[in-house]
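Q: Quick one: structure below, then a few questions.
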Amino acid sequence: MRNRSGAEPEALVIDRAAAAEIPSQDAVREWAHGRRAFVSSVMSELPAERRAAAEAARAIGVVPVMFEQFGGRDADPEDAYLSEVETSDIYLGILGRRYGKPLPSRFSATHAEYLHAEKRGLRLAVWCLRANDREGHEESFLSEIRTFHVVPEFATPDDLRAQIEDRLKAIAAEDLAPWCKLGNVVFRATEVSDDGSRLRVVARVRSDDVAHALEAMRGGGFNHGGEGRFTWSGRSRMVRVTSVDTTTTSARSRIVRLGLETREAGRDAMMEMSVSGLGPDDLTEAGLRTALFGTRHPLADQHLGFMGEIPDSFAALRAARVSDEITRPLAELMFADALVGSGRAARITQFRLGAAVRGVRRLVAGWQAPRRYSNERPSERQIEGDVRL
């Protein structure tokens, strides 16, 4: 989709090789310190698999949280295990053949734990036993999870142990080196420090094209000497590049250190307007639904749809044709860049992108609207629909 000026979105320069970057064992251990992983499954059906999950977590330093270890408590069992979900950082789900006994909530314990983990924003990772005789409720539960998550199969406890350990290391890598976007250049940073007026970014860059693009920003080369956005970890700032230092390593990569000076971001006056009873936040939501889902804009009949027009957040990513492995984190990065970077959102509160089914993915995204008045309570917004990505 073209933007308001009619131009195609600027092509992204992406450090694709960075997706395979594996953090050191010491770095993973440091990341794992104090983190907890809740192990969820039908206990009586999969005891060996639960032990394998616990062993995988301990192997990298994560503390496994298991119902077997809770001991006697006065609290209702359902409240007890859900409270343990709340104190965990990662949800490890293991699905077998059986759904489990429904609780008063009508969900099984595993299903209730999954929903609670999702609601609380835990990192979710789920596996299923390779089986052809799953119960109907369990098959439906698995289909529900697969709407938004890839669910690998496993054959044996040892197979599961290896997969969980690899997935936990991948989660560590995502946290230790989050994806960033500076202008149209996308890379992973190992460090971002922010003192309010200056940003210091350190990145190990594997792509020659990305390294060249960053080095070209020296001496006012960024946006032809102007300003641009830097987006990372759900945040976005307007910046000016003040320095680019590069060290070439023996591992055919470069350590790039960026100095960025934050600038005051200008606001589009059209983003503060109300039209035909729709406030600025209503127009943002309507514009997103039109851009991402193809929904008819509520002002289209009045020929005023352009007033709420928002460019397709994923157009440049779609054109880049990235691997499925990095589609979700880059889509979240682009969404934050579009909303937080433009001032339409104060922060992203939720982002769930499903697996591709014939080129279509289910998207659920939420954000907090910007505060315009000191006594205003920011509104929470959410959209859900199918996107081609």
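When you line the sequence shown up against our numbering, it's residues 8 to 396, in that order. Glycine included, every Cβ here is placed at the ideal spot set by N, Cα and C. On a predicted model such as this, the values are computed, not experimentally measured, just so you know.
Using alpha carbons as the reference points, say which of 350, 335, 144 lies closest to residue 362.
A: Selected option, being the one with the closest Cα: 335.
Q: Expressed to the nearest angstrom, what Euclidean distance is found between the alpha-carbon atoms of residue 67 and residue 173?
A: Cα to Cα, residue 67 sits roughly 10 Å from residue 173.
Q: Straight-line CA distance for residue 116 to residue 75?
A: So the two alpha carbons sit approximately 14 Å from each other.
Q: Return the chain-ordered list of same chain residues with a C-beta closer than 7 Å to the C-beta of residue 8, the five sequence neighbours on each side being excluded.
A: Because residue 8 carries a pLDDT of 42, less than 50, the predicted location of this residue cannot be relied on, and the following value inherits that uncertainty. Same-chain partners within the cutoff: 298, 318, 319, 322.
Q: At 3 residues or longer, and completely inside the region 214-294: list those beta strand (DSSP E) runs for me, N to C.
A: Those beta strand (DSSP E) runs which fall completely within the region 214-294 and span 3+ residues are 235-239, 242-255, 261-269.
Q: Check residue 380 in the structure and name its three-state DSSP category.
A: DSSP places residue 380 in coil when its eight states are reduced to three.
Q: Do you know how far the Cα of residue 243 is from the Cα of residue 205?
A: Roughly 13 Å separates the two Cα atoms.
Q: By DSSP, does residue 390 sit in helix, in strand, or in coil?
A: Of the three classes helix, strand and coil, the one that applies to residue 390 here is strand, per DSSP.
Q: Taking contact to mean at least 3 C-beta pairs separated by less than 8 Å, is the region 219-227 in contact with the region 246-254?
A: Yes: the two stretches touch, three or more of their Cβ pairs being nearer than 8 Å.
Q: Is the separation between the beta-carbon of residue 179 and that of residue 196 shorter than 8 Å?
A: It is not a contact, given that the beta carbons lie outside the stated cut-off.
Q: Could you tell me which of 359, 358, 342, 357 sits nearest to residue 351, measuring between CA atoms?
A: Per the Cα distances, 342.
Q: Just tell me which of 212, 87, 119 has its CA closest to the CA of residue 258.
A: With distances taken between Cα atoms, residue 258 lies closest to 212.
Q: Quick check on residue 294: buried or exposed, where buried means 16 or more other Cβ atoms within 10 Å of its Cβ?
A: Buried, since its Cβ has 16 or more Cβ neighbours within 10 Å.
Q: Cα separation between residue 265 and residue 110?
A: In a straight line, the C-alpha of residue 265 is about 53 Å away from that of residue 110.
Q: Would you identify the three-state DSSP class for residue 45, choosing helix, strand or coil?
A: Residue state, collapsed to three classes: strand.
Q: Grab me the residues of residue 385's own chain with a C-beta within less than 8 Å of its C-beta, minus the 5 sequence neighbours each way, in chain order.
A: Same-chain partners within the cutoff: 353, 375, 376, 377, 378.
Q: Could you check the C-alpha separation between residue 48 and residue 254 for me, to the nearest Å?
A: Computed Cα separation, rounded: 47 Å.
Q: Taking Cβ positions, are residue 207 and residue 200 nearer each other than 8 Å?
A: Result yes, Cβ atoms of residue 207 and residue 200 sit closer than 8 Å.
Q: Between the region 152-172 and the region 119-136, can you find at least three pairs of beta-carbon atoms closer than 8 Å?
A: The answer is yes - the region 152-172 touches the region 119-136, with three or more Cβ pairs under 8 Å.
Q: Among the candidates 394, 396, 372, whose CA atom is the shortest distance from the CA of residue 387?
A: Per the Cα distances, 372.
Q: DSSP on residue 355, reduced to helix/strand/coil?
A: Residue 355 falls in the strand class under three-state DSSP.
Q: How close, in whole Å, do the beta carbons of residue 337 and residue 324 come, if the pair is a contact with beta carbons under 8 Å?
A: Correct: roughly 6 Å between the Cβ atoms.
Q: When you compare the CB positions of residue 192 and residue 186, do they come within less than 8 Å of one another, or not?
A: No.
Q: May I have the straight-line CA-CA distance separating residue 79 from residue 86, to the nearest angstrom?
A: Per-residue confidence for residue 79 stands at a pLDDT of 49, beneath the threshold of 50, marking its modelled position as unreliable; the derived number appears in the next sentence. If you take the alpha carbons of residue 79 and residue 86, they lie about 13 Å apart.
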